[in-house]
Each structure stands twice: as C-alpha cells, then as structure tokens.
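Report on the following structure.
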Amino acid sequence: MIEILSPAEVARARVTGALVGDILQSMRERAVPGTNLLEVDAWTKEMILEAGAESCYVDYEPSFGRGPFGHYICTSVNDAVLHGLPHDYALADGDVLTLDLAVLKGGVAADAAVTFIVGDAPQPEGEALIAATRRALEAGIAAARPDGKIGDISHAIGTVLGDAGYSVNTQFGGHGIGSTMHQDPHVSNTGRPGRGFRLRPGLMLALEPWVMADTAELITDADGWTLRSATGCLTAHTEHTVAITEDGAEILTLPSRR
Numbered sequence: 001m002i003e004i005l006s007p008a009e010v011a012r013a014r015v016t017g018a019l020v021g022d023i024l025q026s027m028r029e030r031a032v033p034g035t036n037l038l039e040v041d042a043w044t045k046e047m048i049l050e051a052g053a054e055s056c057y058v059d060y061e062p063s064f065g066r067g068p069f070g071h072y073i074c075t076s077v078n079d080a081v082l083h084g085l086p087h088d089y090a091l092a093d094g095d096v097l098t099l100d101l102a103v104l105k106g107g108v109a110a111d112a113a114v115t116f117i118v119g120d121a122p123q124p125e126g127e128a129l130i131a132a133t134r135r136a137l138e139a140g141i142a143a144a145r146p147d148g149k150i151g152d153i154s155h156a157i158g159t160v161l162g163d164a165g166y167s168v169n170t171q172f173g174g175h176g177i178g179s180t181m182h183q184d185p186h187v188s189n190t191g192r193p194g195r196g197f198r199l200r201p202g203l204m205l206a207l208e209p210w211v212m213a214d215t216a217e218l219i220t221d222a223d224g225w226t227l228r229s230a231t232g233c234l235t236a237h238t239e240h241t242v243a244i245t246e247d248g249a250e251i252l253t254l255p256s257r258r
C-alpha cells in the first residue's frame with residue numbers, strides 16, 4: 001500500500017515527528033556510561049504514553065522477526081545495527097549506540113533513528129560510520145523532490161556510502177510511512193536514478209541509510225530480532241521521516257527543542 005497524505009494528515013505527521021525527535025533527543029542525553037538499555041526502553045515508554053501516543057513496536061510482528069517485539073524502542077550497540085532488542089546491558093564508555101523509534105499519534109506514524117558514541121572515549125571508526133550515514137541521509141533528502149523517482153533517492157544515498165568505502169546491504173532500507181509504520185514503496189540504500197515510484201506531494205518516506213564497517217552481511221541474534229554485522233565490526237544507522245512537498249522534502253522528525 002502506498003498512501004498519499006492530505007495536507008491535514010501531513011500537519012498531524014509534524015506533531016508525531018516532533019514527538020519522535022524529542023524522545024530520541026531525550027534518550028540520547030540520558031544514555032551515558034552505566035545506563036541500562038532496559039532503562040532507555042522504560043523512559044521511552046513513559047514519554048510515549050504521556051504524550052497520548054502509541055508505540056509502533058510493542059505489537060510489531062513481521063515475518064523476519066520473532067515477534068511480537070514487545071518493547072518501545074530499538075537499542076542496537078556496536079556490531080548491532082537494526083532491530084536491537086532492549087535487554088539487560090549497561091552501556092560502556094565508547095559504545096556505539098543506535099536508537100530507532102517509531103510512534104503513532106493522531107492516526108499518523110513517524111520513524112527516525114540516531115547513532116552516537118556513549119560517553120567520552122575516542123571512537124574514530126564509529127564517528128566515521130556515523131558521519132557517512134548522516135551525509136548519505138542528507139543526500140537522499142536533497143534528491144527527494146516532486147516528480148523525481150525513488151531510484152533518485154537510492155542512488156544519492158548509495159553514492160555517498162560507496163564513496164566512503166562501505167558496502168551496501170539491500171535487505172533492509174527505507175520505506176513509505178503514513179497511517180502505519182511500514183508501507184510501500186521500499187527505498188533501497190543503493191539504486192539507479194530515474195527508476196521506481198514517482199514522488200509526489202503528500203508522500204511520506206522514512207529514509208534510513210545504515211552501514212557496517214567491513215561487511216554487507218547480517219546475522220540474526222538468538223533473540224530473533226537483533227541484526228548484527230557478520231564480522232563483529234561496528235555499525236551506524238541514521239533515519240528521518242520526510243514529507244514530499246511542492247518544493248522538496250520536509251524533515252518531520254527533528255526535535256522541537258534544538
């Protein structure tokens with residue numbers, strides 16, 4: 001299903017997106033050495049419920065996971081890059097942490113992810129990964145223009161990641177989003193320009209470049225959810241939900257206090 005949202009629905013998406021951005025910013029500030037991933041999950045739950053919103057993850061049960069997910073935020077550490085299941089782990093100085101959050105409010109969902117270094121320990125490889133995904137996301141957003149194609153976005157993202165020396169996994173990527181978290185069209189993190197679904201105002205997309213330092217192969221944890229690099233290398237994942245407008249792409253998941 002591909003949804004084209006009305007201006008009123010996009011307005012509600014701005015509210016949902018700001019909530020996602022605010023929660024991620026709050027969790028980033030609170031995730032310090034010694035913080036337990038289960039604390040991050042509990043704090044996220046509290047903020048979602050206080051806002052009168054719903055988690056897109058608690059009852060999430062796709063074919064690729066061992067569902068339902070049962071938690072409120074994805075917490076992926078170091079070699080974990082996607083769908084990290086919160087568990088009893090205290091963050092260490094220098095950990096590379098990815099927080100991925102999707103929320104439904106006012107009938108519209110928003111989805112975003114941020115990767116950062118916990119504490120103050122030097123982590124140059126992690127910083128390079130994070131910087132590459134951020135540049136790739138910026139390039140993808142710049143390519144998301146009305147009457148363009150999904151392939152334009154994929155090509156822009158893949159070019160940045162490839163130029164940075166990283167291989168691109170195409171099993172998981174960006175996606176349409178609207179009244180539900182995951183919709184068509186799929187947005188691969190590499191592709192050919194001029195191909196795929198035509199972009200038009202009212203289309204919302206979650207764009208999410210992610211990379212692993214020295215591999216494109218994923219393995220699944222025993223928890224049935226957490227996806228890790230096959231070599232144990234560091235990873236990074238950056239994501240925003242955007243709405244296609246008459247002028248380009250509007251980022252919806254920036255925090256309201258920035």
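Read in full-length UniProt numbering, the sequence shown has 81 at position 81, and its numbers run on one by one without any break.
Where is the CB? At the ideal position from N, CA and C, for every residue including glycine.
This structure is a prediction, so every number in the text was calculated from the model and none was measured.
In this structure, DSSP gives residue 37 a helical state, which the three-state scheme calls helix. Its chain contains 248 as the residues whose beta carbon lies nearer than 6 Å to that of residue 145, once the 5 sequence neighbours on both sides are disregarded; these appear in chain order. For residue 256, the three-state secondary structure derived from DSSP is coil. Distance check between residue 209 and each of 234, 198, 243, 158 places 158 closest, using alpha-carbon atoms only.
A check of alpha carbon separations from residue 212 across 219, 35, 202, 234 identifies 234 as the nearest. Of the residues assessed, residue 239 falls on the buried side of the cut-off, its CB having 16 or more other CB atoms within 10 angstroms.
Look at the stretch 41-92 and you find these whole runs of beta strand (DSSP E), each 3 residues long or longer: 74-77, 80-82.
Looking at the backbone, the Cα of residue 84 and that of residue 174 are separated by about 17 Å. DSSP, reduced to helix, strand and coil, places residue 177 outside both helices and strands of the structure shown, so it counts as coil. Residue 129: member of the alpha helix (DSSP H) spanning 124-143, first to last residue.
In this structure residue 202 touches residue 4 by the C-beta definition: roughly 4 Å separates them, less than 8 Å.
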